[in-house]
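**Q** Heads up: the sequence shown begins at 1 in full-length UniProt numbering, then just goes up one per residue.
All C-beta atoms, glycine included, are put in the ideal place defined by N, C-alpha and C.
Attaching a single structure in structure tokens format; questions to follow.
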Amino acid sequence: MIVILKQNAKKPSVDHLLTDLTGLGLKTDLISGEQKQIITLIGDVTKVDIESLLARECVENVRRISEPYKEANRKFHPTDTVIEVAGQKIGGGHFCVMSGPCSVETEEQIIGVAERVKAAGANFLRGGAFKPRTSPYAFQGLRAEGIELLLKAKQATGLPIVTEIMSLQHLDLFADVDVIQVGARNMQHFELLKELGHCDKPILLKRGLSSTIEEWLMSAEYIMAGGNHNVILCERGIRTYETMTRNTLDISAVPLLKQISHLPIIIDPSHATGLTTLVEPLSKAAIAAGADGLMIEVHNDPGKALSDGAQSLTPDQFDGVMDSIKRQLAFEEKTIG
Ligand code: PEP
Ligand code: MN
């Protein structure tokens, strides 16, 4: 990190700053040029509060030269993280397909969809029990009962389950859930992230609707800093000016994250586009870009779905998409699992 000092910086305030920075355990060097004076900082700068440095009367600017995230950074952890859960692996060449309805609705529905997605080759069952809805009048999910039904579907099919948590108060209900999802709307629910950092379950962290990749990695960092290193990133589209799709899939996030982080990254083409017809091409694009998996919404009767019907594939459509996914995986010499 480099601190650029103001031209008229007074010696007492520079000395004071140097003392405070050394107090943080950092190695400091004051370099004086003809025009400018700078301080270089070496050490663990993750705890340096840039805003408070900028508030000092002698500081003109501050530049970071290293990333603010450490645990999620490939520089400190060069090998790919492989998540192991319920006999499945994700990352480091292991590809996953998480499929199921947006919302768990009935026992018949969730078990029926689970059987179909399993038969098609998915290796995780997704389904929302707690639903983040824009309107308070829309279906909010079956909540605790939804988790019970997911567990029944797991028992019936053997598929591990992925479901979203929205509040810390519900954490106990997730005791038998295999992967806990943090949805786009809660990507920066920091108290939730901190608590999930103390649990031993993999966390599927979706990218916030308008979050930068660095903000997303800092949210992963919240979980990892607490000791839970099992984080899976999920790109689900971001808000742009485009209105023809529900969101805009940032496919470049995949190869970029592969360079800067060791965490597995999956793509959710259903929420990214809101359109069933785009799920297949974007699934293929995700595989070609190097993603570690896909999350795809499938509903037994999309026209009657209680949420996200327009983007949900029927089980028959999912069969077709999976054939295409498997061909693309074979081309990349990968398999599911
Ligand atoms: C979901 O997976 O059903 C969901 C609500 O996703 P997101 O948080 O990406 O909108
Ligand atoms: Mn959904």
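Please determine whether the Cβ atom of Gly183 lies at a distance below 8 Å from any heavy atom of the ligand PEP.
**A** On the sequence shown, residue 183 is found 183 positions in, with the first residue counted as 1. Correct: Gly183 has its Cβ closer than 8 Å to the ligand PEP.
**Q** Can you pull every residue whose C-beta falls closer than 5 Å to some heavy atom of the ligand MN, listed in chain order?
**A** Cys102, Asp308
**Q** Can you tell which of Asp15, Pro68, Gln311, Ala55 has its C-alpha closest to the C-alpha of Ile213?
**A** On the sequence shown, residue 213 is found 213 positions in, with the first residue counted as 1. The residue among Asp15, Pro68, Gln311, Ala55 with its C-alpha nearest the C-alpha of Ile213 is Pro68.
**Q** Sorted by chain position, which residues of the same chain lie with C-beta nearer than 7 Å to Phe190's C-beta, five sequence neighbours on each side aside?
**A** Taking the sequence shown and counting its residues from 1, one reaches residue 190 at position 190. Closer than 7 Å at the Cβ level, and outside the excluded window around Phe190, lie Tyr222.
**Q** The ligand PEP and Cys234: does the residue's C-beta get closer than 8 Å to at least one heavy atom of that ligand?
**A** For the purposes of this step, residue 234 is taken as residue 234 along the sequence shown, with counting starting at 1. Yes, the ligand PEP has a heavy atom inside 8 Å of this Cβ.
**Q** Nearer than 8 Å: is that true of the beta carbon of Pro202 relative to any heavy atom of the ligand PEP?
**A** Mapped onto the sequence shown, residue 202 falls at position 202. No; taking the cut-off as 8 Å, the Cβ of Pro202 has no heavy atom of the ligand PEP nearer than that.
**Q** How is Ser219 classed by DSSP in three states: helix, strand or coil?
**A** Against the sequence shown, residue 219 aligns to sequence position 219. Helix.
**Q** Answer yes or no: the CB of Glu164 versus the heavy atoms of the ligand PEP, is any distance below 8 Å?
**A** Along the sequence shown, one-based indexing puts residue 164 at 164. Within the cutoff, so yes.
**Q** Using a Cβ-Cβ cutoff of less than 7 Å, which residues in the same chain neighbour Glu195 once the five nearest sequence positions on both sides are dropped?
**A** Locating residue 195 in the sequence shown gives position 195, where the first residue counts as 1. Excluding positions up to five away in sequence, the list reads Leu168, Leu171.
**Q** Once you ignore the five residues that flank Arg185 on each side, which residues in its own chain have a CB closer than 6 Å to its CB?
**A** The residue given as residue 185 occupies position 185 in the sequence shown. Once the five neighbours on either side are set aside, the close Cβ partners of Arg185 are Pro132.
**Q** Given 8 Å as the limit, tell me if Met224 has its C-beta closer than that to any heavy atom belonging to the ligand PEP.
**A** Residue numbering aside, residue 224 sits at position 224 when the sequence shown is read from its first letter. The answer is no for Met224.
**Q** Measuring only the C-alpha atoms, how far is Val59 from Phe174?
**A** Reading the sequence shown from its first residue, position 59 is the one you call residue 59. Reading the sequence shown from its first residue, position 174 is the one you call residue 174. Cα to Cα, the separation comes out at about 48 Å.
**Q** Identify whether Leu233 lies in helix, strand or coil by the three-state DSSP scheme.
**A** Translated into positions along the sequence shown, residue 233 becomes position 233. Strand, per DSSP.
**Q** Spatial neighbours of Phe139 within its chain, please: CB distance less than 8 Å, with the 5 preceding and 5 following residues excluded, ordered by chain position.
**A** Within the sequence shown, numbered from 1, the residue matching residue 139 stands at position 139. Answer for Phe139: Ser103, Lys131, Arg133, Leu306, Ser307, listed in chain order.
**Q** Suppose only complete runs of 3+ residues qualify. What are the beta strand (DSSP E) ranges in the UniProt domain "DAHP synthase ferredoxin-like" (1 to 67), listed by chain order?
**A** 2 to 5, 27 to 32, 37 to 42, 59 to 63
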